[in-house]
Amino acid sequence: MRILLVEDDQTVRTFIAKGLSESGHLVEQAENGKDGLSLATNENFDIIILDRMLPGGVDGIHILETLRRQNNVTPVLLLSALAEVDEKVAGLKAGGDDYVTKPFSFSELQARLEALVRRNRNEAQPQTRLMVGDLEIDLLARGVKRAGQKIDLQPREFRLLEFLMRHAGQVVTRTMLLEGVWDYHFDPQTNVIDVHVSRLRQKIDKPFGRPLVHTIRNAGYMLQE
Amino acid sequence: MPALPSPKPVVITSDSVAFCLRLSRVIESYHNGALPRAVSQLREEGTDLCRHGLVRPGLIRLRRAIVSLKRTTP
Amino acid sequence: MSKPAAFAPASRQSGLLGLRSVSLRFALVYGTLFVCSAVLFLSFIWWGTVGLLEHRVEQAITTDSRALFNIWSEGGPTGLTMIIDDRLEQDIDDNALYLLVNKDNKWVAGNLAEWPRQITINDHWFTMPVKRSYTEDMAKVRAYALPNGYRLLIGRDISGRTLLRKIVTDTLLWACVMVTLLAIGGGWLVRRLFRHVIHSISRTTQAITHGDMSRRMPVQGSDDELDEIAITINEMLERISRLMDGVRQVSNAIAHDLRTPITRARTQLEDAALHAKNEDELRAAIEQAVGNLDNVTSICEALLRIAQIESGARRSAFVLFDLIPALQDVCELYEAVAEEHGLRFVQHLPDHLPFFGDRAMFQQAVANLLDNAIKFSPPHGTITLSAKVLSTARRTDGSRGKRLRLSVTDEGIGMSEADMARASERFFRAEQARNTPGSGLGLSLVQAIVQLHDGKLQLASNTPGLITRIEIPLPDAETVPAQSRAAHP
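Residue numbers (this note's numbering), protein chains in the order written: chain F, 5 to 229; chain Y, 203 to 276; chain B, 258 to 746.
So, in structure tokens, the structure goes:
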């Protein structure tokens with residue numbers, strides 16, 4: 005993937021660029037809003053990582069709005085030290101596709117980047133049926149089958165599984181699950197997500213021997229064959 | 203009211219012993235001299251004051267006498 | 258005071274004028290106002306007395322002239338002469354002046370020796386000197402033209418009135434002088450009084466600026482406006498010092514509570530740098546350190562969130578919604594966790610409960626309470642969440658209002674009375690809770706959210722365990738639109 009990274013803090017920029025390059029992506033870097041804007045408008049990227057607050061008068065929101073005015077639909081992930089809900093809403097309203105607050109772990113950022121790119125590709129053809137290995141879910145009938153065997157799930161368990169299936173082969177963090185499945189934007193102190201994932205495993209993994217839901221250390225979960 | 207520069211004062215002729223005597227005569231002409239006591243007293247006092255140079259107080263008494271005569275005479 | 262902007266440049270040029278002093282401006286305004294009103298009042302008196310007198314004289318002359326015209330038209334010069342004689346004879350006031358002259362300007366009747374030379378115009382008021390037996394007086398006269406070249410002069414000796422007028426005018430002038438003196442004195446007094454008040458305020462505020470927060474404005478006890486200002490300022494100072502104490506307390510707590518995870522992270526990293534024998538040990542140490550730093554971040558975030566909620570800015574995001582589905586959502590999230598811990602989770606909720614507030618934030622508050630209940634409960638305990646509507650007449654405006662009472666009850670370790678009182682303080686953690694994970698900010702956040710909704714947070718003992726109770730005023734049922742219930746099925 006070709007990624008544009010606009011971030012003024014050198015430590016953070018180098019850290020992200022290094023991690024993404026190691027994962028095999030091509031990273032273009034800009035350290036201020038002006039350079040970022042000219043790169044973003046003149047070249048094609050698969051995704052743009054944009055710091056909200058940038059020096060030199062052109063800030064992240066300004067770049068984002070300019071891009072969207074030019075009908076540029078490249079997915080944009082906003083990075084910001086502003087953690088408040090209103091700030092998130094403002095960022096998303098301006099046309100951002102996701103919002104990550106600083107400080108963040110690299111795995112969180114990577115997981116969200118991949119989710120964004122995937123979503124962008126999938127949006128073209130709406131799916132009614134998702135499959136991973138011998139696990140299959142029907143989005144219309146709300147039915148779940150594994151190895152031809154019907155599995156009963158609670159509505160919320162179904163949504164959790166659906167989220168994992170849509171991001172199959174990708175790391176999904178606990179925050180992403182909390183936001184995507186429960187629509188909560190705060191951190192519960194106890195490990196509520198772990199509890200729910202473990203219950204799901206009881207139903208879709210345990211009877212079948214071969215696990216599909218994997219725990220990724222220090223990052224989250226991944227549904228994979 | 204135009205104020206005129208140092209005009210010569212006009213003499214008031216009624217401020218004189220002559221006018222006193224005239225009033226005194228006017229009083230006498232009522233009822234042919236048969237005057238009420240109060241009126242004749244006023245007349246005498248007035249004429250007296252005029253003769254002693256106090257013209258204005260004298261005139262006031264004489265005039266009062268005339269006014270009271272006019273009031274009683276139809 | 259009316260145009261301070263216009264005064265400003267002048268006062269900058271000459272400090273002597275001192276117009277930048279509010280107290281002086283105040284005094285000047287007072288003085289000017291006082292003098293102006295006094296002058297207005299005295300002028301009114303002047304016109305009421307002297308003016309009226311003059312008017313009366315003019316009126317008397319005019320009336321007289323009309324009567325004499327009538328006589329003339331009936332009896333001609335002879336009749337008029339008789340009447341004038343008559344009038345003069347009966348003039349008790351001794352101030353009437355008449356003069357009738359013929360076309361040769363010769364005396365016909367009246368008590369003036371000759372036609373005054375200066376009176377050349379008819380129907381015009383003149384004031385002229387007249388010579389009496391032993392004085393010289395002033396007279397007001399008016400000349401009238403009669404047929405056949407006759408002319409009539411009617412006048413009044415106004416020297417008596419002139420005297421009165423002089424007395425009144427003198428008195429009023431003196432009054433003016435006195436008033437001016439009084440105004441200056443009063444202005445000076447007003448200025449001193451004003452300065453006294455201002456200086457008293459500025460002395461106190463200066464003392465406070467220099468760090469003496471214990472200083473207060475003196476209150477005279479007279480219930481006047483100055484006392485009101487003093488009381489308001491004192492209340493403000495009271496609140497400021499309370500806030501400052503709070504800030505001091507919180508910053509001490511922050512310093513302490515942040516230092517703990519930072520110290521741990523630092524120790525782990527240093528230890529690894531010195532003693533790690535292989536890469537795996539090094540990685541493990543770094544991961545632990547990152548975990549501790551994440552803890553620092555979450556404490557910071559929680560503090561910021563509490564501060565933001567306490568500022569009240571989120572109130573603009575309030576909407577009407579049905580509380581029950583929102584609560585069920587949170588319950589659903591925690592049911593599994595309670596089960597995992599071997600706890601029974603019981604819910605007593607009505608079917609609908611219209612609520613005005615911030616949905617996400619309220620959910621977070623309830624989540625925090627459930628979090629705490631689960632954390633401090635021993636296995637096989639019961640956690641109860643109940644919500645009900647209480648009717649009360651305890652609103653300030655006296656109308657019957659409804660309140661939501663939401664309580665979370667556990668059978669855990671509970672809290673001592675003293676701890677309950679301090680439970681919502683930032684970073685407070687009861688002695689028994691020292692070893693459980695958490696930042697000590699959970700209840701502070703709940704407290705902030707409840708206060709944002711104008712509610713109260715109470716803790717009570719459940720022997721064993723703890724009851725956390727939230728009471729929040731509810732909107733009137735009639736005003737809840739139907740779609741707010743449908744919006745969150």
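Backbone N, C-alpha and C define an ideal beta-carbon position, used for all residues, glycine too.
Going along chain B, which residues have a C-beta under 7 Å from residue 216 of chain Y? Result: 345 and 368.
Can you check whether the C-beta of residue 88 of chain F is within less than 8 Å of a C-beta belonging to chain B? yes
In angstroms, rounded to a whole number, what distance separates the CA positions of residue 339 of chain B and residue 253 of chain Y? 26 Å
Under the three-state reduction of DSSP, which class applies to residue 415 of chain B: helix, strand or coil? coil
Establish whether the CB of residue 190 of chain F and some CB of chain B are separated by less than 8 Å. With respect to chain B, the C-beta atom of residue 190 of chain F has a partner C-beta closer than 8 Å.
Terminal residues of the alpha helix (DSSP H) in which residue 1 of chain F lies: Lying before the first or after the last residue shown, residue 1 of chain F is absent from chain F, which here runs from 5 to 229.
With 16 other Cβ atoms within 10 Å as the buried cut-off, status of residue 176 of chain F: buried
If we define contact as Cβ-Cβ less than 8 Å, is residue 266 of chain Y a contact residue for chain B? yes
Listing by chain order, which chain B residues have their CB less than 9 Å from the CB of residue 241 of chain Y? What residue 241 of chain Y touches in chain B: nothing, since even the nearest Cβ is about 13 Å away.
Three-pair Cβ contact test at 8 Å for the stretch 277–286 of chain B versus the stretch 432–450 of chain B: yes
Counting along the chain, where does the alpha helix (DSSP H) carrying residue 201 of chain F start and finish? Run containing residue 201 of chain F: 196–208, per the alpha helix (DSSP H) assignment.
Straight-line Cα distance separating residue 510 of chain B from residue 267 of chain B: Reliability fails at residue 267 of chain B, whose pLDDT of 41 lies under 50, so the model's placement of it is uncertain and no value is given.
Do residue 553 of chain B and residue 515 of chain B have their C-beta atoms closer together than 8 Å? yes
Determine the chain B residues that contact residue 238 of chain Y at a beta-carbon separation under 9 Å, and present them in chain order. The premise fails here: residue 238 of chain Y is roughly 17 Å from chain B at the closest Cβ pair, so nothing lies under 9 Å.
Mind checking residue 261 of chain B: buried by the 16 CB within 10 Å criterion, or exposed? In this prediction, residue 261 of chain B has a pLDDT of 43, which is less than 50 and means its spatial position is unreliable; what the coordinates show is noted afterwards. By the 10 Å Cβ count, residue 261 of chain B comes out exposed.
Between residue 590 of chain B and chain F, is the shortest Cβ-Cβ distance under 8 Å, so that the two count as touching? Yes - at least one Cβ of chain F is within 8 Å of the one on residue 590 of chain B.
Neighbour list for residue 594 of chain B in chain F, Cβ cutoff strictly below 7 Å: Correct list: 194, 196 and 199.
Could you confirm whether any beta carbon from chain B is found closer than 8 Å to the beta carbon of residue 211 of chain F? no
May I ask which residues mark the beginning and end of the alpha helix (DSSP H) holding residue 149 of chain F? It is not in any alpha helix (DSSP H) - residue 149 of chain F instead sits in the beta strand (DSSP E) that spans 147–150.
contact_flag[the stretch 663–678 of chain B, the stretch 704–724 of chain B] where n(CB pairs < 8 Å) is 3 or more: yes
Chain-ordered neighbours of residue 222 of chain F on chain B, where CB pairs are closer than 9 Å: 544, 547 and 548
Beta carbon proximity, residue 107 of chain F to chain B, threshold 8 Å: yes
Just to confirm the assignment: which complete beta strand (DSSP E) runs, minimum length 3, are found wholly within the stretch 326–375 of chain B? Entirely contained in the stretch 326–375 of chain B, the beta strand (DSSP E) runs reaching 3 residues are, in chain order, 353–358 and 364–367.
Any heavy atom of the ligand HEM closer than 7 Å to the CB of residue 448 of chain B? Inclusion of the ligand HEM in the displayed structure is not the case, the ligand content being empty and no account of it being possible.
Buried/exposed call for residue 525 of chain B, threshold 16 Cβ in 10 Å: buried
Would you kindly work out how many angstroms separate the C-alpha atoms of residue 601 of chain B and residue 533 of chain B, rounded to a whole number? 45 Å
Compare the Cα-Cα distances from residue 590 of chain B to each of F/182, F/206 and F/222 and report the closest residue. F/182
Note the first and the last residue of the continuous beta strand (DSSP E) segment covering residue 713 of chain B. 713–718
Quick one: any contact between the stretch 200–215 of chain F and the stretch 90–104 of chain F, if contact means 3 or more CB pairs under 8 Å? Fewer than three Cβ pairs drawn from the stretch 200–215 of chain F and the stretch 90–104 of chain F lie within less than 8 Å of each other, which leaves the two stretches out of contact.
Could you tell me how far apart the beta carbons of residue 559 of chain B and residue 620 of chain B are, in whole angstroms, since I believe they sit closer than 8 Å? That belief does not hold up - the Cβ atoms of residue 559 of chain B and residue 620 of chain B are roughly 16 Å apart, past 8 Å.
Enclosing beta strand (DSSP E) for residue 725 of chain B [first to last residue]: Per DSSP, residue 725 of chain B belongs to the beta strand (DSSP E) from 723–731.
In the structure shown, what three-state DSSP assignment does residue 390 of chain B receive? coil
In the structure shown, what three-state DSSP assignment does residue 99 of chain F receive? coil
Inter-stretch contact (C-beta, 8 Å, three-pair minimum) for the stretch 368–378 of chain B and the stretch 425–440 of chain B: Counting Cβ pairs under 8 Å, fewer than three are found: no touch.
Answer with buried or exposed for residue 265 of chain Y, where buried requires no fewer than 16 other C-beta atoms within 10 angstroms of its C-beta. buried
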